[in-house]
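Structure record follows, encoded as C-alpha coordinates.
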Amino acid sequence: MFLLASPAGAVVNTEDTRVKQPVAGFSGQFSLAISGQSGNTDKSTSSVGGRLQWHQAPVTDFIVFNHDSGKTGGVRDTNKSFLHARHIHELTPPWAWEAFSQAEENEFTRLSFRGLLGGGVRREAFRSDDDRLVLTAGLGGFYSREELEPRTGATDAGVDTLMRGNFYFVVKYQLNETVRLASTTYYQPATSDYRDFRALEQASLSVSLTRRLDLKISLDVAHDNRPPQLIEKTDTTYRTGIEYQF
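Count along the sequence shown from 1, then add 14; that gives the number in our numbering.
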(Lines of atoms letter the chains of each structure in order from A; the text may use other names.)
(Lines give C-alpha, C1' and ligand atoms only; values in the text may rest on other atoms or scores of the structure.)
Protein backbone atom coordinates (compact mmCIF):
# COMPACT_ATOMS: atom_id res chain seq x y z
CA MET A 15 0.00 0.00 0.00
CA PHE A 16 1.40 3.37 -1.00
CA LEU A 17 0.66 6.85 0.32
CA LEU A 18 1.90 10.41 0.22
CA ALA A 19 2.93 11.67 3.65
CA SER A 20 5.15 14.17 5.44
CA PRO A 21 7.24 12.14 7.92
CA ALA A 22 9.93 13.74 10.06
CA GLY A 23 11.51 10.42 10.94
CA ALA A 24 9.49 7.83 12.86
CA VAL A 25 9.35 6.46 16.38
CA VAL A 26 7.49 3.18 16.66
CA ASN A 27 4.94 2.87 19.44
CA THR A 28 4.87 -0.70 20.73
CA GLU A 29 1.34 -0.24 22.12
CA ASP A 30 -1.50 -1.16 19.77
CA THR A 31 -3.93 1.74 19.28
CA ARG A 32 -6.95 -0.58 19.23
CA VAL A 33 -9.17 -0.10 22.27
CA LYS A 34 -10.87 -3.51 22.32
CA GLN A 35 -9.17 -6.74 23.35
CA PRO A 36 -7.06 -8.32 20.55
CA VAL A 37 -8.67 -10.95 18.37
CA ALA A 38 -7.55 -14.55 18.74
CA GLY A 39 -4.98 -15.84 16.26
CA PHE A 40 -2.68 -13.96 13.91
CA SER A 41 -3.18 -10.29 13.05
CA GLY A 42 -1.14 -7.23 12.18
CA GLN A 43 -0.76 -3.96 10.34
CA PHE A 44 1.52 -2.66 7.62
CA SER A 45 2.43 0.83 6.43
CA LEU A 46 4.58 2.24 3.64
CA ALA A 47 5.13 5.97 3.27
CA ILE A 48 6.85 7.83 0.41
CA SER A 49 7.25 11.58 -0.02
CA GLY A 50 9.46 13.84 -2.12
CA GLN A 51 10.18 17.17 -3.74
CA SER A 52 12.08 18.10 -6.90
CA GLY A 53 13.06 21.31 -8.62
CA ASN A 54 14.32 24.06 -6.31
CA THR A 55 14.33 21.51 -3.46
CA ASP A 56 15.50 17.95 -4.03
CA LYS A 57 14.29 15.76 -1.18
CA SER A 58 12.97 12.22 -0.81
CA THR A 59 11.97 10.14 2.21
CA SER A 60 10.55 6.67 2.67
CA SER A 61 9.39 4.61 5.61
CA VAL A 62 8.27 1.00 5.94
CA GLY A 63 6.97 -0.56 9.11
CA GLY A 64 4.45 -2.83 10.70
CA ARG A 65 3.28 -5.00 13.54
CA LEU A 66 2.79 -8.79 13.57
CA GLN A 67 0.84 -10.25 16.48
CA TRP A 68 -0.30 -13.62 17.80
CA HIS A 69 -2.91 -13.77 20.56
CA GLN A 70 -4.25 -16.83 22.30
CA ALA A 71 -5.42 -16.11 25.84
CA PRO A 72 -3.63 -15.76 28.18
CA VAL A 73 -0.64 -15.05 25.88
CA THR A 74 0.05 -12.22 23.41
CA ASP A 75 3.25 -12.13 21.35
CA PHE A 76 4.11 -9.39 18.87
CA ILE A 77 6.92 -7.90 16.79
CA VAL A 78 7.08 -4.23 15.77
CA PHE A 79 9.52 -3.06 13.08
CA ASN A 80 10.34 0.11 11.15
CA HIS A 81 12.98 1.49 8.79
CA ASP A 82 13.33 5.12 7.63
CA SER A 83 15.62 6.54 4.97
CA GLY A 84 15.85 9.92 3.28
CA LYS A 85 18.01 12.26 1.21
CA THR A 86 18.15 16.03 0.74
CA GLY A 87 20.08 17.45 -2.21
CA GLY A 88 21.37 13.94 -2.94
CA VAL A 89 22.90 13.66 0.54
CA ARG A 90 21.51 11.09 2.96
CA ASP A 91 20.11 12.70 6.12
CA THR A 92 17.85 9.94 7.52
CA ASN A 93 18.83 6.33 8.17
CA LYS A 94 17.41 4.45 11.13
CA SER A 95 15.87 1.09 11.98
CA PHE A 96 13.95 -0.38 14.88
CA LEU A 97 12.91 -3.93 15.89
CA HIS A 98 10.97 -4.76 19.08
CA ALA A 99 9.63 -8.15 20.27
CA ARG A 100 7.41 -8.62 23.32
CA HIS A 101 5.75 -11.49 25.19
CA ILE A 102 2.77 -10.70 27.46
CA HIS A 103 1.22 -13.30 29.77
CA GLU A 104 -2.02 -12.43 31.54
CA LEU A 105 -2.20 -13.33 35.22
CA THR A 106 -5.21 -12.75 37.43
CA PRO A 107 -7.05 -9.84 35.76
CA PRO A 108 -6.15 -7.03 35.47
CA TRP A 109 -2.48 -8.00 35.95
CA ALA A 110 0.01 -9.36 33.39
CA TRP A 111 3.76 -9.86 33.19
CA GLU A 112 5.84 -9.12 30.11
CA ALA A 113 9.31 -9.67 28.66
CA PHE A 114 10.80 -7.80 25.72
CA SER A 115 13.89 -7.33 23.58
CA GLN A 116 14.79 -4.54 21.20
CA ALA A 117 17.44 -3.58 18.66
CA GLU A 118 17.84 -0.24 16.90
CA GLU A 119 20.26 2.03 15.07
CA ASN A 120 20.26 5.68 14.02
CA GLU A 121 23.12 7.01 11.93
CA PHE A 122 22.33 10.66 12.63
CA THR A 123 22.28 10.42 16.43
CA ARG A 124 25.61 8.52 16.35
CA LEU A 125 23.87 5.31 17.44
CA SER A 126 25.43 2.39 15.56
CA PHE A 127 23.59 -0.15 17.79
CA ARG A 128 21.36 -0.23 20.85
CA GLY A 129 20.17 -3.53 22.31
CA LEU A 130 17.69 -3.94 25.17
CA LEU A 131 16.55 -6.94 27.19
CA GLY A 132 14.03 -6.50 29.97
CA GLY A 133 10.64 -7.15 31.50
CA GLY A 134 8.14 -6.13 34.13
CA VAL A 135 4.46 -6.10 35.03
CA ARG A 136 1.51 -4.21 33.56
CA ARG A 137 -1.96 -3.51 34.89
CA GLU A 138 -5.12 -2.42 33.17
CA ALA A 139 -5.97 0.33 35.62
CA PHE A 140 -9.38 1.18 34.17
CA ARG A 141 -11.79 0.04 31.46
CA SER A 142 -15.12 1.76 30.98
CA ASP A 143 -18.31 -0.30 30.82
CA ASP A 144 -18.70 0.48 27.12
CA ASP A 145 -15.01 -0.35 26.37
CA ARG A 146 -14.44 3.15 24.96
CA LEU A 147 -11.79 4.22 27.50
CA VAL A 148 -8.85 2.07 28.68
CA LEU A 149 -6.01 3.09 31.00
CA THR A 150 -2.94 0.86 31.39
CA ALA A 151 0.21 1.27 33.48
CA GLY A 152 3.46 -0.69 33.45
CA LEU A 153 6.66 -0.84 35.47
CA GLY A 154 9.85 -2.82 35.13
CA GLY A 155 13.41 -2.44 33.90
CA PHE A 156 15.87 -3.42 31.20
CA TYR A 157 19.55 -3.94 30.46
CA SER A 158 20.89 -1.68 27.72
CA ARG A 159 24.01 -1.90 25.55
CA GLU A 160 24.80 1.07 23.30
CA GLU A 161 27.55 1.57 20.72
CA LEU A 162 28.26 5.17 19.67
CA GLU A 163 30.01 6.12 16.44
CA PRO A 164 33.02 8.45 16.70
CA ARG A 165 32.60 12.01 15.46
CA THR A 166 35.01 14.92 15.19
CA GLY A 167 34.84 16.97 18.39
CA ALA A 168 33.27 14.17 20.49
CA THR A 169 35.11 12.06 23.07
CA ASP A 170 32.38 9.62 24.12
CA ALA A 171 32.57 7.03 21.31
CA GLY A 172 32.56 3.40 22.39
CA VAL A 173 30.30 0.97 24.25
CA ASP A 174 28.08 1.85 27.21
CA THR A 175 26.08 -0.64 29.30
CA LEU A 176 23.64 0.13 32.10
CA MET A 177 20.33 -0.75 33.74
CA ARG A 178 17.30 1.48 33.36
CA GLY A 179 13.88 1.51 34.95
CA ASN A 180 10.91 1.40 32.59
CA PHE A 181 7.67 3.12 33.58
CA TYR A 182 4.82 3.84 31.18
CA PHE A 183 1.19 4.93 31.09
CA VAL A 184 -1.20 4.29 28.20
CA VAL A 185 -4.52 6.00 27.42
CA LYS A 186 -6.80 4.69 24.66
CA TYR A 187 -10.12 6.35 23.86
CA GLN A 188 -12.69 5.41 21.21
CA LEU A 189 -14.25 8.78 20.42
CA ASN A 190 -16.89 7.27 18.12
CA GLU A 191 -17.23 4.35 15.70
CA THR A 192 -14.48 5.66 13.41
CA VAL A 193 -12.15 7.86 15.51
CA ARG A 194 -9.63 6.64 18.13
CA LEU A 195 -7.20 8.59 20.32
CA ALA A 196 -4.14 7.06 21.98
CA SER A 197 -1.30 8.31 24.16
CA THR A 198 1.70 6.46 25.60
CA THR A 199 4.14 8.12 28.01
CA TYR A 200 7.47 6.46 28.95
CA TYR A 201 9.95 7.40 31.68
CA GLN A 202 13.27 5.50 31.76
CA PRO A 203 15.80 6.57 34.44
CA ALA A 204 19.21 4.95 34.85
CA THR A 205 19.30 2.93 38.07
CA SER A 206 22.79 4.28 38.86
CA ASP A 207 21.82 7.96 38.51
CA TYR A 208 18.21 9.17 38.37
CA ARG A 209 19.35 12.40 36.63
CA ASP A 210 20.25 10.29 33.57
CA PHE A 211 16.76 9.68 32.20
CA ARG A 212 14.86 9.38 28.96
CA ALA A 213 11.23 10.34 28.43
CA LEU A 214 8.96 9.76 25.45
CA GLU A 215 5.44 10.87 24.63
CA GLN A 216 3.65 9.23 21.70
CA ALA A 217 0.18 10.47 20.74
CA SER A 218 -1.97 9.47 17.77
CA LEU A 219 -5.33 10.04 16.15
CA SER A 220 -6.71 7.23 13.95
CA VAL A 221 -9.72 7.53 11.64
CA SER A 222 -11.19 4.41 10.05
CA LEU A 223 -11.60 4.84 6.30
CA THR A 224 -12.73 1.25 5.67
CA ARG A 225 -12.86 -1.91 7.75
CA ARG A 226 -9.12 -2.44 7.21
CA LEU A 227 -7.78 0.99 6.27
CA ASP A 228 -7.00 3.82 8.71
CA LEU A 229 -5.83 7.40 8.34
CA LYS A 230 -3.36 8.03 11.18
CA ILE A 231 -1.83 11.25 12.51
CA SER A 232 0.87 10.88 15.15
CA LEU A 233 3.19 13.05 17.22
CA ASP A 234 6.24 11.75 19.12
CA VAL A 235 8.43 13.80 21.47
CA ALA A 236 11.59 12.05 22.71
CA HIS A 237 13.86 13.59 25.36
CA ASP A 238 17.27 12.30 26.47
CA ASN A 239 18.51 14.25 29.48
CA ARG A 240 22.11 13.10 28.82
CA PRO A 241 22.41 12.57 25.06
CA PRO A 242 25.66 11.73 23.24
CA GLN A 243 27.95 14.68 22.66
CA LEU A 244 26.93 16.96 19.75
CA ILE A 245 23.37 15.57 19.80
CA GLU A 246 20.28 17.58 20.78
CA LYS A 247 18.36 16.56 23.89
CA THR A 248 14.87 16.58 22.33
CA ASP A 249 13.56 15.19 19.04
CA THR A 250 10.04 15.81 17.75
CA THR A 251 8.53 13.55 15.11
CA TYR A 252 5.22 14.03 13.31
CA ARG A 253 3.55 11.91 10.68
CA THR A 254 0.41 11.67 8.58
CA GLY A 255 -0.10 8.34 6.88
CA ILE A 256 -2.29 5.33 6.23
CA GLU A 257 -2.28 1.94 7.96
CA TYR A 258 -3.58 -1.35 6.59
CA GLN A 259 -4.94 -3.80 9.19
CA PHE A 260 -5.10 -7.55 8.60
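Glycine included, C-beta positions come from ideal geometry on N, C-alpha and C.
- Under DSSP, Ala217 shares a beta bridge with Ser197 and Leu233.
- Comparing alpha-carbon positions, the option among Ala171, Glu118, Tyr201 and Arg209 lying closest to Gln216 turns out to be Tyr201.
- If only uninterrupted beta strand (DSSP E) runs of at least 3 residues are considered, those enclosed by the stretch 63–97 are 73–86.
- Per DSSP, the continuous beta strand (DSSP E) segment holding Ala117 begins and ends at Trp109 to Asn120.
- Around Trp68, the same chain offers Phe40 and Asp75 as residues with beta carbons nearer than 6 Å, after the five sequence neighbours per side are excluded.
- Inter-segment contact for the stretch 243–260 and the stretch 160–176 is present: three or more beta-carbon pairs are separated by less than 8 Å.
- As far as DSSP is concerned, Glu163 takes part in no beta bridge.
- Annotation: Gly50 to Ser222 spans about 26 Å, alpha carbon to alpha carbon.
- In the structure shown, Thr254 adopts extended strand secondary structure according to DSSP, grouped into three states.
- In the DSSP secondary-structure assignment, Ile245 is not bridged to any residue.
- Taking a 10 Å sphere around the C-beta of Gly84, we find 16 or more other C-beta atoms and assign the residue as buried.
- Secondary structure note for Val173: its beta strand (DSSP E) is the uninterrupted segment Gly172 to Gln188.
- Between the C-alpha atoms of Val73 and Glu104 there is a straight-line separation of about 6 Å.
- In terms of Cα proximity to Thr55, the closest of Thr86, Thr106 and Arg137 is Thr86.
- Taking the Cα of Thr92 as reference, the smallest distance to any Cα among Leu227, Arg100 and Phe122 is reached at Phe122.
- In this structure, the alpha-carbon of Phe183 lies about 26 Å from that of Thr175.
- Taking Gln188 as the centre and dropping the five residues before and after it, the same chain places the C-beta of Val33, Arg146 and Arg194 closer than 6 Å to its C-beta, in chain order.
- The C-alpha of Gly167 is placed about 42 Å away from the C-alpha of Gln43.
- Taking every protein chain shown into account, the CB of Ser142 has fewer than 16 other CB atoms within 10 angstroms, so this residue is exposed.
- When DSSP states are grouped into helix, strand and coil, Thr55 belongs to the coil group.
- Note that the stretch 119–138 does not touch the stretch 204–215; fewer than 3 beta-carbon pairs, one per stretch, sit closer than 8 Å.
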